[in-house]
Amino acid sequence: MLYVIGVGVGKPEFLTLEALEKLRKSDIVIVPKSKKSSRSVAFNVIKDFVDKDKIQFFSFPTTNDKDELKRAYDSQALMIEKLLNEGKTVSYTTIGDVSIYSTFNYLSERLKDLGIYFEIIPGIPSFVAFADRIKIPLSLKDESFAVVEMKKGVGHIVKLFEYFDTVVIMKVNNRIDELLEIVEMVKPKDAWLGKNLFLEKEEIVDLNKTDKINEAYLSLAVLRR
Ligand SMILES: C[S@@+](CC[C@H](N)C(=O)[O-])C[C@H]1O[C@@H](n2cnc3c(N)ncnc32)[C@H](O)[C@@H]1O
1022 MLYVIGVGVG KPEFLTLEAL EKLRKSDIVI VPKSKKSSRS VAFNVIKDFV
1072 DKDKIQFFSF PTTNDKDELK RAYDSQALMI EKLLNEGKTV SYTTIGDVSI
1122 YSTFNYLSER LKDLGIYFEI IPGIPSFVAF ADRIKIPLSL KDESFAVVEM
1172 KKGVGHIVKL FEYFDTVVIM KVNNRIDELL EIVEMVKPKD AWLGKNLFLE
1222 KEEIVDLNKT DKINEAYLSL AVLRR
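According to our numbering, the sequence shown holds residues 1022 to 1246 in order.
Set out below in structure tokens:
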């Protein structure tokens, strides 16, 4: 059996009871890890609940090359198939919730091609945890909110405010200048950047009071009109 588990965003207490139960009954727990980065948020969350010898790191490609991506995910799907054929119970962990910008969504296509059944265990998404942390509602009655990637660009994101009261901007990374440009154009009532949330180097920045920010690798912004 394969479980795909959203482990939340950095704080072990955010693991759901179901996630914990599935992790504990797994023979193998797969933790995806970027080739570029030595750290893994998912590993830090689960490390105290799973025997170290059950953990297998899968490095996920950081390329946009479609052929390279396909090769990497094909090979990972085959590795999972092999484990399942050996009768193992396998968990694949992702940060936040699996349905939101997760690398698993590429792997799932390959697994489906191989006829592999899996169950998804929901996790707390980063932007929900952040909105609650800064006590800003994502949507009140009659409102709506959007979630967008920073790479969509300033023009696209500013336009969203014609339709949405709150806009969540994910994967800010090094596009700080563009983020500040959006804040300048939209003039939102609330504008917050959350870096490394619930992790050791957490930083929460009020974008209405800042004009200089360093690179923000693991970060997202919540802007509310
Ligand atoms: C590949 S996406 C995964 C999103 C995840 N599935 C979710 O439900 O939030 C990674 C992005 O999520 C956001 N993120 C995830 N964890 C975070 C954290 N602890 N602090 C700040 N942003 C985080 C950042 O925008 C980051 O670039």
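No residue lacks a Cβ here, since even glycine has one placed at the ideal position from N, Cα and C. Quantities reported herein were computed from a predicted structural model and do not represent experimental measurements.
- Task: Determine, using beta carbons only, whether Val1188 and Met1171 come nearer to each other than 8 Å.
- Result: Here residue 1188 corresponds to residue number 167 of the sequence shown, with the count starting at 1. Here residue 1171 corresponds to residue number 150 of the sequence shown, with the count starting at 1. No. Outside cutoff.
- Which stretch, first to last residue, makes up the alpha helix (DSSP H) that contains Tyr1094? Residue 1094 sits at position 73 when you count from the first residue of the sequence shown. Tyr1094: member of the alpha helix (DSSP H) spanning 1087 to 1106, first to last residue.
- Message: Quick check on Ser1096 - is its C-beta less than 8 Å from some C-beta in chain B?
- Response: Of the protein chains in the structure, only one exists, and it is not chain B.
- DSSP state of Ser1129, grouped into three classes? Within the sequence shown, numbered from 1, the residue matching residue 1129 stands at position 108. In this structure, Ser1129 counts as helix in the three-state DSSP scheme.
- Exposed unless 16 or more other CB atoms sit within 10 angstroms - verdict on Tyr1138: Taking the sequence shown and counting its residues from 1, the one referred to as residue 1138 is at position 117. Under the 10 Å beta carbon count, Tyr1138 is surrounded by fewer than 16 other beta carbons and is classified as exposed.
- Query: With which residues is Pro1053 paired in a DSSP beta bridge?
  - Reply: As a first step, residue 1053 must be located in the sequence shown, where it is residue number 32. Beta-bridge pairing by DSSP links Pro1053 to Phe1079.
- For Met1100, collect the residues of the same chain with a Cβ closer than 8 Å to its Cβ; drop the 5 residues on either side in sequence, then sort them by chain order. In the sequence shown, residue 1100 corresponds to position 79, counting from 1. Contacts found: Phe1079.
- What does a CB cutoff of less than 8 Å around Lys1046 pick up in its chain, not counting 5 residues either side in sequence? In the sequence shown, residue 1046 corresponds to position 25, counting from 1. Scanning its chain for C-beta atoms nearer than 8 Å, with the 5 sequence neighbours on each side dropped, one finds around Lys1046 the residues Thr1110, in chain order.
- Query: Would you say Leu1159 and Ile1190 are within 8 Å of each other, going by their C-beta atoms?
  - Reply: In the sequence shown, counting from the first residue as 1, residue 1159 sits at position 138. In the sequence shown, counting from the first residue as 1, residue 1190 sits at position 169. No; because the gap between Cβ atoms is not below 8 Å, this pair is not in contact.
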